[in-house]
Every structure is written in C-alpha cells, then in structure tokens.
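In my numbering, the protein residues as written are 4 to 252.
Every residue, glycine too, gets a C-beta built ideally from N, C-alpha and C.
These notes concern the structure reproduced below.
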C-alpha cells in the first residue's frame with residue numbers, strides 16, 4: 004500500500020504561508036510503521052487541480068489532501084475532486100447533520116456548502132469544530148489548518164488502516180563517512196545496489212565550512228534483515244577504502 008500527500012493552496016506556492024503538513028504526515032506515518040511514497044504541491048486553479056486529481060485517483064494509492072475544502076470562492080478542491088471523477092456534488096446528509104449541530108440556529112446556506120461533496124463520498128470527522136472533511140476512492144480531503152487536519156488524518160490512519168501499522172519490517176540505517184567525496188564511493192554504492200536490489204541506498208553529502216571535516220551520510224532502507232546485511236557490507240567497503248565511519252544515531 005502506497006501513501007501520498009497533496010498539499011493544496013496558492014498561498015503555499017507563493018510563500019505567503021509555509022507548509023507544515025509534509026513533515027507532519029511523514030511523522031504520523033512513521034509512528035505507525037508506514038512511509039510516505041510521494042508528495043505534490045498544487046495551486047488552487049481548478050484545471051490544474053482536476054488534472055492532478057485525475058492522476059492521483061488513477062494510482063490506487065491512499066492519498067491525504069490538505070486544503071481548499073472551505074466554502075469561499077478560492078476553494079475548489081471539492082468541486083475539482085468531483086470533476087476528476089466525473090461525479091456530481093451534493094449535500095452529504097451526515098455532513099449536513101454535523102454542520103447543523105455545530106451552528107444550531109446560526110446555520111446558513113453558505114455554511115451548508117461546506118458539506119457539499121462528490122456523490123459517493125464518506126465524511127471524515129473533524130473533532131475540532133465538527134465541519135467534516137470527506138473521502139472517496141481512498142483519497143482523504145481535510146482542511147488546510149493543522150489543528151483540524153492532523154487529528155483527522157490520525158483518525159483515518161487508526162480507523163481505516165490499523166491493519167497496516169507496523170506490517171512491514173521496514174527500517175533505515177546509516178553511517179557518517181568522514182573526509183570522503185561521493186565520487187570516491189561510487190563503486191561501493193553500485194556494488195551495494197546490485198547486491199541488495201530489494202533495499203534502497205541513500206547518500207547525503209554535506210558541504211563543510213572552512214576548518215570543518217567533510218562528511219557523507221551513507222545508508223540503506225529496507226527490511227531489517229536485509230539492511231543489516233547491506234550495512235555490514237557497506238561498513239566493510241568504506242573501511243577497506245581507508246575512510247573512517249561512525250554509526251548515525
């Protein structure tokens with residue numbers, strides 16, 4: 004099962020707001036033994052949003068979409084999701100009940116618009132203010148406000164995908180290699196990727212300031228057993244080339 008994230012909003016792309024969702028979804032998935040497969044940023048413009056959603060619906064991935072589900076004129080996510088699926092939109096009865104319970108006598112037609120979702124949707128409960136998000140085709144649409152969005156995502160992960168928590172024995176391990184350039188380790192990297200095709204190698208060099216030591220974070224991702232084998236080979240290979248290394252904590 005692959006997990007993806009869509010982070011929607013012109014304000015993110017323009018820099019008026021800084022995104023906080025990407026780091027948080029990685030954290031929430033990681034706490035459950037899951038990992039993020041991909042992430043995309045997209046603006047509020049309907050044509051681009053519809054095309055993006057057509058592509059993500061076609062993947063079959065579990066996708067968390069942040070932002071653009073309000074009722075103001077610049078919010079197009081609900082309508083774009085429907086258009087991407089060729090579906091109509093309608094006031095969802097469960098969403099209507101939640102919104103009416105939230106506003107009571109102050110309910111308005113404009114507020115009820117926040118419960119208009121693509122036909123066939125289910126609601127995603129919002130514990131903060133009862134204005135729900137929605138889900139359809141394993142896409143989960145939540146507000147852009149972290150205080151609302153993050154508990155809603157956790158509810159989805161724990162109620163819909165609990166059977167996947169820690170189902171994969173997936174780990175990452177790395178060492179810091181001192182005083183090496185990546186080019187000096189390319190041969191070893193190729194050897195590791197060929198010997199352990201079911202793992203993923205990563206290399207993250209640092210740019211040392213004057214007077215500081217150069218270093219590379221070199222590691223492997225995969226199942227615990229295979230990563231242990233690969234890291235043993237990696238450490239031996241680094242040492243054989245005369246470079247010092249330390250386990251990365």
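Residue 200 carries a coil assignment under DSSP once its states are collapsed to helix, strand and coil.
If you draw a 10 Å sphere on the C-beta of residue 41, you find fewer than 16 other C-beta atoms in it, and that means exposed. Residues of the same chain with a CB within less than 6 Å of the CB of residue 119, apart from the 5 flanking positions on each side, are 92, 94 in chain order. Contact annotation: residue 178 and residue 250 have beta-carbon atoms nearer than 7 Å.
Going by DSSP, residue 17 is part of no beta strand (DSSP E) but of the alpha helix (DSSP H) stretching over 13-17. Nearest in C-alpha terms to residue 35, of all of 88, 155, 171, 204, is 171. In this structure, residue 84 lies away from residue 135, with their beta-carbon atoms at least 7 Å apart.
Per the C-alpha coordinates, the member of 121, 103, 219 positioned closest to residue 79 is 121.
Bridge pairing for residue 249: 179 [DSSP]. If only complete runs of 3 or more residues are kept, the stretch 186-246 shows the beta strand (DSSP E) at 203-208, 218-226, in order along the chain. Nearest neighbour of residue 192 by Cα position, chosen from 17, 238, 215, 12, turns out to be 238.
Between residue 233 and residue 205, the C-beta spacing is not below 7 Å. Inclusion of residue 219 and residue 180 in the CB contact set at 7 Å is warranted, their separation being smaller than that value. When Cβ pairs closer than 8 Å are counted between the two stretches, the stretch 43-53 is seen not to touch the stretch 100-115, the count staying below three. Residue 31 holds the alpha-carbon nearest to the alpha-carbon of residue 67 among 31, 86, 195, 82. Close CB contacts of residue 70 within its chain, under the 6 Å cut and outside five residues either way in sequence, are with 11, 12, 147 (chain order). Going by C-alpha positions, residue 240 is about 11 Å away from residue 248.
Assigned with DSSP and collapsed to three states, residue 124 falls in coil, not helix or strand. Comparing alpha-carbon positions, the option among 194, 195, 185 lying closest to residue 207 turns out to be 185. If you draw a 10 Å sphere on the C-beta of residue 235, you find fewer than 16 other C-beta atoms in it, and that means exposed. Proximity to residue 160 across 110, 176, 138, 109 peaks at 138, based on C-alpha coordinates.
About 6 Å separates the CB atoms of residue 176 and residue 222; that is less than 8 Å, so the two are in contact.
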